[in-house]
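Novice:
Residue numbers (our numbering): 3 to 195.
(1) How is residue 89 classed by DSSP in three states: helix, strand or coil?
(2) Would the stretch 11-25 and the stretch 37-44 be scored as touching if the rule is three or more Cβ pairs under 8 Å?
(3) In whole angstroms, give me the CA-to-CA distance for residue 110 and residue 119.
(4) Does the count of Cβ pairs from the stretch 82-90 and the stretch 139-151 closer than 8 Å reach three?
(5) Within this structure, are the beta carbons of residue 97 and residue 54 separated by less than 8 Å?
(6) Between the Cα of residue 123 and the Cα atoms of 102, 31, 149 and 143, which residue gives the shortest distance?
(7) Could you work out which residue in 151, 59 and 125 is closest to residue 186 when comparing CA atoms only?
(8) What whole-angstrom Cβ distance do residue 112 and residue 51 have, given they're in contact under 8 Å?
(9) May I have a chain-ordered list of the alpha helix (DSSP H) segments no shorter than 4 residues that lie completely inside the stretch 122-183?
(10) Which same chain residues, not among the five before or five after residue 70, have their C-beta less than 6 Å away from its C-beta?
(11) What does residue 111 pair with, by DSSP beta-bridge criteria?
(12) Quick one: grab the DSSP three-state call for residue 77.
(13) Beta-carbon within less than 8 Å of residue 178's beta-carbon, same chain only, minus the 5 sequence neighbours each way: which residues are those?
(14) Using 8 Å for Cβ pairs, my map puts residue 181 next to residue 160. What's the rounded Cβ distance?
(15) Could you compute how far the alpha carbon of residue 48 sits from the alpha carbon of residue 34?
(16) From residue 157 to residue 174, what does the alpha carbon distance come to, in whole angstroms?
Structure (structure tokens):
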């Protein structure tokens with residue numbers, strides 16, 4: 003959405019400025035904190051913007067996002083109208099449909115921006131499970147204040163005062179006993195030393 007002030011952003015060895023915008027957008031899937039759903043069916047929300055989509059693709063995306071079971075439990079299943087902005091669904095249900103919408107496109111890069119911030123613990127676990135099962139050959143960027151969401155990431159960048167303050171795995175950052183460890187202790191209710 004923004005050009006860098008200095009340096010460049012690369013996907014592999016390619017500067018994103020050299021990639022046509024349409025192709026770049028096809029490579030990236032985004033799930034924001036505030037999920038927007040349209041007043042249409044669950045299936046239409048999952049396949050939004052893709053034209054004609056095979057039912058099998060919609061079902062697979064629903065299974066991969068752990069939304070299949072709750073969708074099946076709705077009165078009309080995948081044909082249930084969700085209401086304006088998804089008002090007939092819970093926050094966690096909306097998030098899982100948004101994840102299905104992102105993954106049905108099979109992007110190379112998935113960005114989850116605070117995707118678990120307003121969900122209950124059970125839904126957070128399901129969303130986390132989908133993160134790690136989706137990883138495969140793609141890059142997943144997870145932005146979160148809730149550290150349990152990023153605990154299993156390959157690399158954690160801790161941002162403080164607009165700069166990378168610490169970097170490493172969860173285990174490494176806990177051992178370091180720095181800022182990340184303090185935040186972890188606060189969030190898990192452990193004593194801060």
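Don't be surprised by glycine CBs; every beta carbon is placed ideally from N, CA and C.
Specialist: So, to answer that:
(1) As a first step, residue 89 is located in the chain shown; it is residue number 87 there, counting from the start. The answer is coil: DSSP assigns residue 89 none of H, G, I, E or B.
(2) no
(3) Taking the chain shown and counting its residues from 1, the one referred to as residue 110 is at position 108. Taking the chain shown and counting its residues from 1, the one referred to as residue 119 is at position 117. Cα-Cα distance, rounded: 24 Å.
(4) no
(5) Counted from its first residue, the chain shown places residue 97 at position 95. Counted from its first residue, the chain shown places residue 54 at position 52. No, Cβ-Cβ distance for residue 97 and residue 54 is not below 8 Å.
(6) Locating residue 123 in the chain shown gives position 121, counting from the first residue. Nearest option by C-alpha distance: 149.
(7) Locating residue 186 in the chain shown gives position 184, where the first residue counts as 1. The candidate whose alpha carbon is nearest that of residue 186 is 151.
(8) Translated into the one-based positions of the chain shown, residue 112 becomes position 110. Translated into the one-based positions of the chain shown, residue 51 becomes position 49. Between residue 51 and residue 112 the Cβ distance is about 16 Å, and since that is not below 8 Å, they are no contact.
(9) 123-136 and 172-178
(10) For the purposes of this step, residue 70 is identified with residue 68 of the chain shown, where counting begins at 1. If we look at residue 70 and ignore the five residues flanking it on each side, its Cβ neighbours are 64.
(11) What you label residue 111 is simply residue 109 of the chain shown in a count that begins at 1. Answer is 30 and 141.
(12) Within the chain shown, numbered from 1, the residue matching residue 77 stands at position 75. Here residue 77 sits in coil by DSSP.
(13) Here residue 178 corresponds to residue number 176 of the chain shown, with the count starting at 1. Hits under 8 Å: 168 and 170.
(14) Mapped onto the chain shown, residue 181 falls at position 179. Mapped onto the chain shown, residue 160 falls at position 158. Indeed they touch by this definition, with Cβ atoms about 6 Å apart.
(15) Here residue 48 is taken as the residue at index 46 of the chain shown, counted from 1. Here residue 34 is taken as the residue at index 32 of the chain shown, counted from 1. When rounded, the distance between both Cα atoms is 15 Å.
(16) Residue 157 sits at position 155 when you count from the first residue of the chain shown. Residue 174 sits at position 172 when you count from the first residue of the chain shown. The alpha-carbon atoms of residue 157 and residue 174 are separated by roughly 10 Å.
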